[in-house]
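J.:
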Amino acid sequence: MARSRTSAKAAGTRFESLIAQTLDTYLAGNIERRARTGAQDKGDISGVLLKGTRRVVVECKDVAKMNISGWLREAQAERENDGAEIGVVVAKKRGTSDPLQQYVHMTLADFIDLVALAQ
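Okay, so the sequence shown: first residue is 504 according to this note's numbering, each after it adds one.
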């Protein structure tokens with residue numbers, strides 16, 4: 504049975520909250536789920552920082568069908584809207600509710616920036 508729009512939104516909200524809570528548990532910062540902001544969206548989760556003030560935009564996806572290229576375009580637009588350094592997508596891994604087992608997608612350019620900032 505397909506999800507209704509209401510149940511899909513609820514699942515997305517639950518997933519975003521779970522990922523925000525997990526990031527807040529493991530990372531220093533003031534990590535929280537963002538309210539939706541429409542055309543100037545700045546990602547689903549705020550407060551993920553690199554080296555103090557460099558921000559990472561996190562876009563969450565709990566959907567049945569993968570669309571990684573579309574998701575990365577969305578994360579890039581949100582990164583630009585937020586003025587952040589990096590945009591990543593956290594996608595639901597079917598068959599597990601463990602937040603640490605979910606998938607993270609990013610471009611190679613963002614991965615290189617991430618590693619360079621960590622050195």
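Each residue gets a CB set at the ideal place from its N, CA and C atoms; glycine is no exception.
Just confirm the distance between the C-beta atoms of VAL560 and ARG582, as a whole number of angstroms; I'd bet it's less than 8 Å.
T.: For this step, residue 560 is matched to residue 57 along the sequence shown. For this step, residue 582 is matched to residue 79 along the sequence shown. That pair is a contact at about 5 Å.
J.: With H, G and I counted as helix, E and B as strand and the rest as coil, what does DSSP make of VAL618?
T.: Residue 618 sits at position 115 when you count from the first residue of the sequence shown. DSSP places VAL618 in helix when its eight states are reduced to three.
J.: Tell me whether the region 547–556 and the region 505–513 touch, counting them as touching only if at least three CB pairs, one residue from each stretch, are closer than 8 Å.
T.: With the cut-off at 8 Å, the region 547–556 and the region 505–513 do not touch.
J.: Tell me whether ILE534 sits in a helix, a strand or coil according to DSSP, three-state version.
T.: Taking the first residue of the sequence shown as position 1, residue 534 is located at position 31. Coil.
J.: Is it the case that the Cβ atoms of ILE534 and LEU526 are separated by a distance below 7 Å?
T.: In the sequence shown, residue 534 corresponds to position 31, counting from 1. In the sequence shown, residue 526 corresponds to position 23, counting from 1. Yes, these two residues count as a Cβ contact at 7 Å.
J.: With distances taken Cα to Cα, identify the nearest neighbour of THR516 among GLN579, GLN543 and LYS595.
T.: Position 13 of the sequence shown, counting from 1, holds the residue named residue 516. Out of GLN579, GLN543 and LYS595, LYS595 has the C-alpha closest to the C-alpha of THR516.
J.: Going by beta-carbon coordinates alone, are VAL607 and VAL591 separated by less than 7 Å?
T.: Counting from one through the sequence shown, the residue named residue 607 turns up at place 104. Counting from one through the sequence shown, the residue named residue 591 turns up at place 88. Cβ distance < 7 Å, so VAL607 and VAL591 count as in contact.
J.: Among the candidates ALA531, ARG506, SER600 and ILE571, whose CA atom is the shortest distance from the CA of GLU519?
T.: The residue you call residue 519 lines up with position 16 of the sequence shown. Checking every option, the nearest Cα to that of GLU519 belongs to SER600.
J.: Expressed to the nearest angstrom, what Euclidean distance is found between the alpha-carbon atoms of GLN605 and CYS563?
T.: Translated into positions along the sequence shown, residue 605 becomes position 102. Translated into positions along the sequence shown, residue 563 becomes position 60. Spanning the two alpha carbons is a distance of roughly 10 Å.
J.: What do you reckon, are the CB atoms on LYS554 and ASP585 nearer than 7 Å?
T.: For this step, residue 554 is matched to residue 51 along the sequence shown. For this step, residue 585 is matched to residue 82 along the sequence shown. Going by C-beta atoms, LYS554 is not nearer than 7 Å to ASP585.
J.: Taking the beta strand (DSSP E) that ALA587 belongs to, which residues open and close that run?
T.: To locate residue 587, count along the sequence shown from 1; it is residue 84. From DSSP, ALA587 is part of no beta strand (DSSP E); its letter is neither H nor E.
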